Every structure is written in C-alpha cells, then in structure tokens.
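Structure first, commentary second.
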Amino acid sequence: MPRIKKTEEATKQIEKPSSGIARLSKQPQLVKGMKDVLPHDQLYWDHIRSIVAKIGDDYRFARIDTPIVEHLNLYTAGLGKQTDIVEKEMYSFTDQGGDTLALRPEFTAGIARAYIEHGMVSLPQPVKLYAFGPLFRHEKPQEGRLRQHTQWNCEVIGEGKPVIDGQLILLGYKLLTSLHIKPLVQVNSIGCRSCRPAYRESLVEYYRARRASLCEDCKRRLNKNVLRLLDCKVETCQGLIAKAPPIVDSLCEPCRDHFISVLECIDELEIPYQPNPHLVRGLDYYSRTVFEFYALMNTDESDTQPARMAALGGGGRYDDLIEMFGGQSTPAAGFGIGIERVIMKIKELERASGTKLIPRRVNPEIFVAQLGEQPKRRAMVLYEDLLREGFTVAAEFAKDSLKAQLELANKCNAAITIILGQKELLDGSIIIRNMEGGEQEVIDIKKLIPTLRRKLNGALGEQQKGG
RNA sequence: GUGAGCGUAGUGUAAUGGUUUAGCACGAGAGUUUGUGGAACUCUUAGAGCGGGUUCAAUCCCCGUCGCUCACCCCA
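Residue numbering for the first sequence follows this note's numbering, starting at 52 and increasing by one per position.
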C-alpha cells in the first residue's frame, strides 16, 4: 500500500494561506459508520461496564484484552472464507512491514489464539474469559448497525458439557435483565462434524430437486453454504423451508442429548426461550448449540414475539476451533452482546415508560462560589480541602459574577453553595447557602468542615424520614 | 453491496422560485440587580451538508456527491 502517498494526499487538503493559520478545506467529519459517545451518554456505558465487571466477578470470568489488530489469516482460517464477515466486511490492510493485518471483526478467534499462545491448556479447565471492546465490520451503516461497534464477549474454553452452554446463556440473560430488558433466547443445534455433513447433504439434495423455485440468493448459497438457506426471508423460499428436513431429526445421538440438556438447563433457570430450527449462525466455527438474544416488545406483557429489531447478541459452541488453530482438541463456547444495540433498547424503554432506568450522575454536595481575585485563589485551595475531606464538590473558577455561579450551582443540583468574597476573606468567615430553601448563614471558616458535614447529614436524615 | 426516502443555527422545527434581514422555541453567553440561583424581561450567539446546472433570480427545481434513515442482505 502506498501509505506515504496517502498521507501526502491528505495533507493537500490543508490550505496554506500566506498569512494566518492553515485551514482544512473541508470541515473534519466522522468516518462513515463510526459514532462518538458523547458525555451525556457515558452514564449508560459506565453502568454497563460496571455490570459486566460484576458478572465477571460473580461467575469467575477473568477479563482478557486482546489487540484490535490481528493477522488477517486468523479470521480467514477461523471464521471461514465463505462467510460474509470475511468475504466482504473485513477491514484489512498491509502495514509498512508488509504484514497482512485486519481490524478484528469479532472476539472469539483472537481469544482462541491467546488461549493457545499463552498455554492456557495448562490452567485448570475450563478457562472462563470475558472481553469488552470495539469490533469492526465494513457493512452499510444503519441505525443499530455501525462499522465500529462494541461487544461484551464471554468465552468458556476447555469444557464441552451442556451446562456450560446453559451458564453462558444465563450470563447474557443476566446482563439484559439487570438493564431492565426482557430477553428472549432463540436456540438451535447445528450438529457436529460427524452428523452435520450428512444433514447438509440431505438438505442439498432436498433443495437441488426444487432449485427452480429458489430465489437468486439461495441459488448462490446452495453451493456455498446450504445451512443459510434455512433463514432466507423470501416468501417463496419460506414455503420450502417449512418442508425442509429439520436439523434436529438428523442430529447424532450425542448432539441430540447435548441439545436436550441445554434446553433442560435453561428451562430450569427459567430463562424464556424458543427453539428455532432455522437459526443458523454466520460463522463456520460453530458446532452444536447456537443461540441469539432478542428483546421482547415490552408494550404487551403477553407478547412472546421478539421485537422486530435485530438481535442484541448471540453465540454458540465452537468445539473444533482451537484444534483448527493448531491447538489440542479443545471444546469451547461463547457469546457476544452488542452494547450499542443494548443502549438503544434501554433508551427505547426509557422513552416508553417515561422513567430513567440507569442511575444518573450524583449531584455535588457543595458548590464553591467566589468573588474577587484573592478569594478566587483561596477558593481553589478550599476546593482541594473539601475533596480531601471526601465531599463531592463543584465550582467554576472562570466565572466572576456570583449570579452566574449560583446559576451553575442550581443547574448541577448542589445541596449547598459556600460563598467566599473579599469581606469573608478579611474576617475569616464564609457564607453557607442552602440551595433548596435559599436561607444562608455566615460562619467562622474554621468551622466549615464540621458544619457542612452536620448540614449534609441533616438533609440526608430528613430525606430518609420523608421517604 | 442493491433499491428507496430525507438533509434549514448546538437541538427541535416554520414558511418560501423574488414579498425575508430565512421565522419560532429550547440551549448557550451577557445584562436588568457592578455580592446571591430556580421566575420574568432585554440583548447577543448561531443555520440552508458540499459541488455543479436550469433561471433575470435557487434554501426551494434538476444532476452529482457526502451523510443519515428505511428495506433487502447480514448480523451486534
């Protein structure tokens, strides 16, 4: 890649006038499909990150951070060359050293790589890991479909029992319910290496005979990825899907038992689920259990149909991936949940119910206001003292007028404003103003800390009495 | 990737081929009160995504482009 040239190209856009500053000819613009997370949205992110960390602690999943950049062939080998992600959605490039790299389009391959590379086989099995971070796919953007999105991902490597699948589903369920989203899980089994080929063949046979009535996409898919035919949305194909041989019937005995155990497990945990015989995931590495998380439409309690919005998350078992990467044969399973979509859903619920579902930022207890140059400097020191004493504090030292400062104190909902002016500085006093009632008193500045503490406790006590 | 719709200050919107200095509300800043917030009032702030065409005249019509949205595709 002619990287240097590109840099020159970009530099050309900077107009350099004979005098004054160099200006970009066009205003800088967000890259298509990317999104800024602005300050007013951070509370959602903070909250979700804290829940994710809590779930990690509660279930003994350890956090892992793998790099955003990996070798391209990790994904072409791991996810399958024919998959959409690899075929047309990957951000890949050649770096200055000539390495062919890609921005990660998903987490599992990188985590599997790390498992092998760091000899995690020799850790007590299974190894339970979670990751949280950005993924990149070059799709056509739409609402809830970005080119950079964030996922929370959980993986259990080194154990093939169905309880693991059940526990993973529980974890995803747990995140969603603790955010007040009512999830519905769709589950299926796509068999294993020993039973899937036979099923695939019977499916090909079934569809070959009916090739003429298939849509164009399905004709193409017939040779590449037959399983995908099962989730075609074209009406004429729907009829064929309904009569197609269902995969459950051709599962081998172990796969069948595994699937039943998973269903029994999530049933016992009272996780709402629907078996979906047409659920097929887009990546080649899946085996046996596959599942997706949807949100129920909350408008109607009795409604069990998933909202029309796309899935919030999904995952499954990938018993062959580690071996494909050259490790020992190691069963594994995992899932990912899309954070942007989850936040969209929370906001939708907040709008519908008119209530706030996510804890807001705490209001400052004390606003520090000042008047005059000397008091301003003194107030900055005072601010440090208050922080050290453990108060939550706010101030804007760049403002000079008391009015402006009180407006700010009001806007940020401070309980108390303390005011330090020339007069107070001279006689060693300070004004304490209760923002709710507006009453204020002048006290000896030496008594400030205990007085504030008493007042804030009093306010708290009253609140408790009242509530 | 294919098809369609949309694009007016920071946000939400109004009207319009010339009548307009592009209106209103919220927001932000300053003030009325040169040391006191939540109300009111005054002032200020800031806009047609970009490029081209048609026209005497374009924010408005046409084309292109960029972006967003929707459907398909796929998924988070």
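Just so it is clear, CB atoms sit at the ideal spot from N, CA and C, and this is done for glycine as well. The structure presented is a predicted model; accordingly, all values stated were derived computationally and were not measured.
| task | List in chain order: all unbroken beta strand (DSSP E) runs of 3+ residues lying wholly within the region 200–249. | result | 234–240
| message | Need the endpoints of the alpha helix (DSSP H) that Asp478 sits in, please. | response | Gln473 to Asp478
| Between the C-alpha atoms of Leu180 and Ala113, what's the straight-line distance to the nearest angstrom? | 5 Å
| task | For Glu343, collect the residues of the same chain with a Cβ closer than 6 Å to its Cβ; drop the 5 residues on either side in sequence, then sort them by chain order. | result | Gln237, Ala362 and Gly365
| message | Pairs of beta-carbons, one from the region 113–133 and one from the region 410–424, closer than 8 Å: are there three or more? | response | no
| request: Below 7 Å CB to CB, which residues in the same chain sit around Val207 once its five sequence neighbours on both sides are set aside? | output: Pro177, Lys179, Ile215, Leu219, Ala383, Ala384 and Gly385
| Do you know whose CA, among Ile102, Glu190 and Arg164, lies nearest Met85's CA? | Glu190
| task | Under 8 Å by Cβ, that's how I've got His200 and Ile409 pegged, so tell me the actual separation to the nearest angstrom. | result | Rounded, the Cβ-Cβ distance is 19 Å, inconsistent with contact.
| Glu168 by DSSP, collapsed to three states: which one? | helix
| said: Please list the terminal residues of the continuous alpha helix (DSSP H) segment that includes Thr127. | reply: Leu123 to Leu130
| task | State the beta-bridge partners of Gly184 as determined by DSSP. | result | Gln202
| Option nearest Val419 by Cα separation, candidates Leu273, Ala403, Ala446 and Lys427 | Ala446
| query | Nearest-angstrom Cα distance between Phe310 and Arg339? | reply | 7 Å
| query | Relative to the C-alpha of Ser452, which residue among Cys463, Leu437 and Leu471 is closest? | reply | Leu471
| said: I believe Pro213 touches Cys316 by the beta-carbon criterion, under 8 Å. Please report the beta-carbon distance rounded to the nearest angstrom. | reply: 6 Å
| query | If you draw a straight line from the C-alpha of Ala460 to the C-alpha of Ile467, how long is it? | reply | 8 Å
| message | Which runs of the alpha helix (DSSP H) at least 4 residues long sit entirely within the region 355–399? Give them in chain order. | response | 372–375
| Pairing CB atoms from the region 255–275 with CB atoms from the region 140–159, are three or more of them under 8 Å? | no
| field | Three-way DSSP call (helix, strand, coil) for Cys465 in this model | value | Here residue 465 turns out to be Ala, not Cys, going by the sequence shown. Ala465 falls in the coil class under three-state DSSP.
| request: Give the single residue among Gln93, Leu94, Leu125 and Ala430 whose Cα lies nearest to the Cα of Leu372. | output: Leu125
| Between which two residues does the beta strand (DSSP E) containing Ala153 stretch? | Thr151 to Leu154
| request: Flag this pair as touching only if the region 221–230 and the region 99–109 have three or more C-beta atom pairs under 8 Å; answer yes or no. | output: yes
| Rounded separation between Val299 and Ser240 - CA only | 7 Å
| query | Would a C-beta distance cut-off of 8 Å place Gln202 and Leu221 closer than the cut-off? | reply | no
| query | Quick one, are the C-beta atoms of Leu278 and Arg259 less than 8 Å apart? | reply | no
| query | Going by alpha carbons, who is nearest to Leu130 out of Arg271, Ser253, Asp335 and Gly211? | reply | Asp335
| request: With Pro326 as the anchor, note down where its beta strand (DSSP E) starts and where it stops. | output: Tyr324 to Pro326
| field | Among Cys463, Leu457, Ala293 and Tyr224, the one whose alpha carbon lies nearest that of Ile469 | value | Leu457
| Segments of 4+ residues assigned as alpha helix (DSSP H) that fall wholly inside the region 423–452 | 424–439
| task | On a CA-only basis, which of Cys303, Leu302, Tyr257 and Asp436 is nearest Leu281? Give me that one, please. | result | Tyr257
| field | Residue range of the unbroken beta strand (DSSP E) whose run includes Glu343 | value | Ser338 to Ala346
| Strand pairing of Gln193, partner residues [DSSP] | Arg196
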